[in-house]
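Undergrad: Below: one structure in structure tokens.
In the numbering used here, the protein residues as written are 80 to 328.
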């Protein structure tokens, strides 16, 4: 009789535990679903562009930074370039395999960049642009650099714009800003330049090339040459101007 009571007691404990577990799982599931709904409901904030012109006078490369290709000397630690957010870094699978046929290379490029820009594969038509970006893809950032061992943002835009759009840009981001015709957000199209100012800086400190679907290509200080979304809060806060430079005949 005692054994039967003990057995009944154990069964009751197990049943209660099972019910508690089910209740906990339901609570967790409800919390996850609620969070998912909140995330889904969030939309990127409209990109705001600061109006105004840079101060006149001599254009510096970057305030408080002296440049020798291959080295960066920063006088003020607060002006460091390491503040960019790191999302995903270039990995080996992002490099085009060397054994592909020409058709396979084309398909590979379209697939890779349709994912990077979150657009349909069939909407990608400027293959030379993808090829050029892919030549630089993952190249580390190097202020003053102009090679595949290290490149800065303005040399990357200079090289891409020259080869793809027959546009001759000047060397620094600030000079490219002065060189460009300012445009509005609703007029932005592939090949236009996007200019940024680091907090507190007098001059333009960064430049990239607009692609599509709110994405731009640039030489990022944290990831090297990559594609980034303008909806990222870091870049939204620093976005300063949009510009266009006409092709040279």
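Where is the CB? At the ideal position from N, CA and C, for every residue including glycine.
Can you say whether residue 179 is buried or exposed, counting buried as having 16 or more other CB atoms within 10 angstroms of its CB?
TA: Exposed.
Undergrad: Between the Cα of residue 256 and the Cα atoms of 181, 287, 300, 244, which residue gives the shortest distance?
TA: Closest option to residue 256, Cα to Cα, is 287.
Undergrad: Figure out for me which residue from 310, 305, 205 has the closest Cα to the Cα of residue 70.
TA: A query on residue 70 cannot be resolved here, the shown segment of the chain reaching from 80 to 328 and no further.
Undergrad: So what's residue 294 in DSSP terms, helix, strand or just coil?
TA: Correct three-state label for residue 294: strand.
Undergrad: Could you say which of 327, 283, 299 lies nearest to residue 320 if we only look at CA atoms?
TA: Nearest of 327, 283, 299 to residue 320, Cα basis: 283.
Undergrad: Flag this pair as yes or no: are the beta carbons of residue 251 and residue 233 separated by less than 8 Å?
TA: It is a contact, given that the beta carbons lie within the stated cut-off.
Undergrad: Find the nearest neighbour of residue 206 within the set 191, 327, 238, judged by alpha-carbon distance.
TA: Ranking 191, 327, 238 by Cα distance to residue 206 puts 191 first.
Undergrad: Give me, in chain order, the residues of the same chain whose beta-carbon lies closer than 6 Å to that of residue 270; leave out the 5 immediate sequence neighbours on both sides.
TA: So the qualifying residues of the chain are 244.
Undergrad: For residue 288, name the three-state secondary structure that DSSP assigns.
TA: DSSP places residue 288 in strand when its eight states are reduced to three.
Undergrad: What residue range does the beta strand (DSSP E) around residue 202 cover?
TA: No beta strand (DSSP E) contains residue 202, which DSSP labels as neither H nor E.
Undergrad: If we count the other Cβ atoms within 10 Å of its Cβ and call it buried at 16 or more, is residue 303 buried or exposed?
TA: So residue 303 ends up on the buried side.
Undergrad: Which same chain residues, not among the five before or five after residue 293, have their C-beta less than 7 Å away from its C-beta?
TA: Cβ neighbours of residue 293 beyond the five flanking positions: 308, 309, 310.
Undergrad: Just verifying my parser: in three-state terms, what is the DSSP assignment at residue 281?
TA: Of the three classes helix, strand and coil, the one that applies to residue 281 here is coil, per DSSP.
Undergrad: Per DSSP, residue 272 forms a beta bridge with which residues?
TA: Paired residues: 288, 322.
Undergrad: Measure the CB-CB distance between residue 298 and residue 235 and report whether it falls below 8 Å.
TA: Their beta carbons are under 8 Å apart, which means residue 298 touches residue 235 by this criterion.
Undergrad: So what's residue 306 in DSSP terms, helix, strand or just coil?
TA: Correct three-state label for residue 306: strand.
Undergrad: In chain order, what are the residue ranges of uninterrupted alpha helix (DSSP H) at least 4 long that sit wholly in the segment 206–272?
TA: The segment 206–272 contains these whole alpha helix (DSSP H) runs: 206–215, 232–244, 252–258.
Undergrad: By DSSP, does residue 301 sit in helix, in strand, or in coil?
TA: Here residue 301 sits in coil by DSSP.
Undergrad: I'd like the list of long-range same chain contacts for residue 176, defined as Cβ closer than 8 Å, with 5 residues on each side in sequence excluded.
TA: Closer than 8 Å at Cβ, skipping near neighbours: 187.
Undergrad: Output the distance between the C-alpha atoms of residue 199 and residue 301, rounded to the nearest integer angstrom.
TA: The alpha-carbon atoms of residue 199 and residue 301 are separated by roughly 28 Å.
Undergrad: Verify whether the separation of the beta carbon atoms of residue 317 and residue 262 is less than 8 Å.
TA: Going by C-beta atoms, residue 317 is not nearer than 8 Å to residue 262.
Undergrad: Going by Cα to Cα distance, which pick from 313, 240, 214, 182 is closest to residue 278?
TA: Taking only the C-alpha atoms, the option nearest residue 278 is 313.
Undergrad: In this structure, how does DSSP classify residue 312 when only helix, strand and coil are distinguished?
TA: Looking at residue 312 - three-state DSSP - the assignment turns out to be helix.
Undergrad: Please confirm whether residue 212 and residue 189 have their CB atoms less than 8 Å apart.
TA: No, these two residues do not count as a Cβ contact at 8 Å.
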